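The sequence shown runs contiguously to residue 173 in the working numbering. Note that CB positions come from ideal geometry on N, CA and C, so glycine has one too. All values derive from a computational prediction rather than experimental measurement.
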Amino acid sequence: MPSRVVTTRVPPPLHDQLQALADRRGRSLAATAAELLAAAVADDPGAAKAAQDGPLVAAVLALLQDVTDPAAVMHRELALALARSVERKEPGYLGAVGSLRKAVDACQAAQRTADLPEGTDPLTALLFANGF
42 MPSRVVTTRV PPPLHDQLQA LADRRGRSLA ATAAELLAAA VADDPGAAKA AQDGPLVAAV
102 LALLQDVTDP AAVMHRELAL ALARSVERKE PGYLGAVGSL RKAVDACQAA QRTADLPEGT
162 DPLTALLFAN GF
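Following this line, the structure appears as structure tokens:
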């Protein structure tokens with residue numbers, strides 16, 4: 042889509058908030074600011090809500106809040122991106138529902154495997170990762 046450049050100055054605390062939001066969304070600062078600005082001036086009153094995380098993202102965050110293993114964290118971030126896509130009804134969001142469930146399962150399995158004690162035999166690790 043064609044666009045035009047808008048330049049503005051914001052106080053450092055606001056800049057930090059925008060940067061933190063952009064990091065959580067996995068988007069650039071400019072894209073995040075443009076999305077928020079578009080939502081603020083949109084004629085549709087529901088458009089401003091679309092930029093915020095909703096109940097699906099909150100549920101994924103609550104379910105996966107305690108993961109620490111790097112592989113599990115990777116799957117958690119993928120699950121969050123997919124949940125945001127579904128909530129915002131972005132193109133292909135219906136297909137993202139199945140991928141979201143798989144990402145959540147993979148995250149939980151990776152964390153369960155990481156939590157096993159050292160020296161656990163491979164069969165036990167496989168069974169434990171799959172929830173048996």
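Please go through the same chain and pick out, in chain order, the residues whose beta-carbon is closer than 6 angstroms to the beta-carbon of Ala-91, but skip the five residues on each side of it. Residue placement at Ala-91 is flagged as unreliable, the pLDDT there being 45, under the threshold of 50; the coordinate-derived value follows with that caveat. Once the five neighbours on either side are set aside, the close Cβ partners of Ala-91 are Arg-129.
According to the neighbour-count rule (16 or more other Cβ atoms, all chains shown, within 10 Å of its Cβ), is Ser-69 buried or exposed? That one is exposed.
Given 8 angstroms as the limit, is there contact between the region 117-134 and the region 90-104, that is, 3 or more CB pairs closer than that? yes
By DSSP, does Pro-132 sit in helix, in strand, or in coil? coil
In terms of alpha-carbon separation, which member of Leu-168, Gln-106, Thr-165 lies closest to Val-145? Among Leu-168, Gln-106, Thr-165, the Cα nearest to that of Val-145 is on Gln-106.
Can you tell me which of Val-51, Ala-61, Ala-75, Ala-63 puts its alpha carbon nearest to the alpha carbon of Pro-43? Among Val-51, Ala-61, Ala-75, Ala-63, the Cα nearest to that of Pro-43 belongs to Ala-75.
Would you call Thr-73 buried or exposed, if buried means 16 or more other Cβ atoms sit within 10 Å of its Cβ? buried
When the Cα atoms are used, what is the spatial distance from Leu-164 to Asp-110? 20 angstroms
Give the DSSP-derived three-state secondary structure of Glu-159 in the structure shown. In the structure shown, Glu-159 sits in coil (DSSP, three-state: anything other than H, G, I, E or B).
Whole-angstrom Cβ separation of Arg-175 and Asp-94, contact assumed at under 8 angstroms? Given a span of 42 to 173 for the chain in the structure shown, any question on residue 175 remains unanswerable.
Once the 5 residues before and after Val-108 are set aside, which same chain residues still bring their CB inside 7 angstroms of it? Cβ within range, chain order: Val-114, Arg-117, Cys-148, Gln-152.
Sequence-distant residues of its chain with Cβ nearer than 7 angstroms to Leu-59 (five each side left out): Leu-70, Thr-73, Ala-74
Secondary structure of Thr-183, DSSP reduced to three states: Since the first and last residues shown for the chain are 42 and 173, residue 183 lies out of range.
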